[in-house]
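First comes the structure, then the notes that go with it.
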Amino acid sequence: MFFKYLGFTMEKNMSHICEAVLVTCEDFRLHQRADGRNYTAEFMRGLNMDCDLITRGGCIQDIVRPQLGFDNSLLRDLGVSVKLHDIKTIYLIGHEDCGAYGDFNFTERKIEFQQHFEDLEEAKEIIHAEFPTVEVKKYFAELEPGTVDRFIYKEVK
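For the sequence shown, this note's numbering begins at 22 and goes up steadily by one.
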């Protein structure tokens with residue numbers, strides 16, 4: 022079976038199926054650290070399923086505030102996961118203290134969180150319009166109090 026998405030033709034390969042795709046920021050603090058910490062891997066293990074992984078600097082902004090030339094790149098990558106790997110769930114994960122949100126100059130943590138939560142909801146709506154049969158779940162990685170690199174993942178309802 023063939024699918025056409027944003028100019029790319031893909032053959033669906035039933036031997037490469039996974040249940041979900043995780044979309045998160047490329048911030049090194051979330052991924053493999055020299056001391057062995059890897060919050061993204063821990064989150065994926067907690068899901069207890071195979072997942073594709075898509076990382077971008079400020080990933081959610083690539084959906085809600087795309088820069089010229091990158092406006093379809095994340096949706097294209099999601100299309101590959103949805104069509105080629107037959108994923109059923111997309112996990113969107115934003116995080117506190119994201120450098121891509123630096124232009125917002127947040128004055129309070131509460132205001133920063135609210136912006137992220139609004140962006141996650143808007144991204145969910147955009148993705149759902151493109152892939153209506155796929156479930157989209159929103160998460161936010163909060164910094165543990167008093168730290169700059171220890172995160173706690175929480176679902177955003």
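From the three backbone atoms N, C-alpha and C, an ideal C-beta is built for every residue, glycine too.
Taking the alpha carbon of residue i as the reference point, which residue from the options has its own alpha carbon closest?
i: G100; options: G123, G167, P153, D170; result: P153
i: K175; options: F64, R130, D48, D118; result: F64
i: H49; options: H137, H116, E139; result: The question names His, but residue 49 in the sequence shown is Phe. Of H137, H116, E139, the residue nearest in Cα terms is H116.
i: H37; options: Y60, D71, L164, L43; result: D71
i: D73; options: A121, D92, G120, L113; result: L113
i: I75; options: L95, V157, L164, C119; result: L95
i: P166; options: D118, E139, D140; result: D118
For residue i, does the three-state DSSP call read helix, strand or coil?
i: T61; result: helix
i: I114; result: strand
i: A162; result: strand
i: D73; result: strand
i: F24; result: With a pLDDT of 45 at F24, under the threshold of 50, the predicted position of this residue should be treated as unreliable, and no value is reported.
i: V169; result: coil
i: A150; result: helix
i: V44; result: strand
i: K175; result: strand
i: D107; result: coil
Assuming residue i contacts residue j under a Cβ cut-off of 8 Å, what Cβ separation, rounded to an integer in Å, is found between them?
i: A41; j: K131; result: Contact flag wrong, Cβ pair sits at about 30 Å.
i: K159; j: E142; result: 7 Å
i: H106; j: C39; result: 5 Å
i: F172; j: L51; result: 7 Å
Inter-stretch contact at 8 Å, needing at least 3 Cβ pairs: the region 126 to 134 / the region 49 to 69: no
Cβ pair count under 8 Å reaching 3, the region 100 to 110 against the region 76 to 87: no
Contact between the region 136 to 152 and the region 82 to 91 (3+ Cβ pairs under 8 Å): yes
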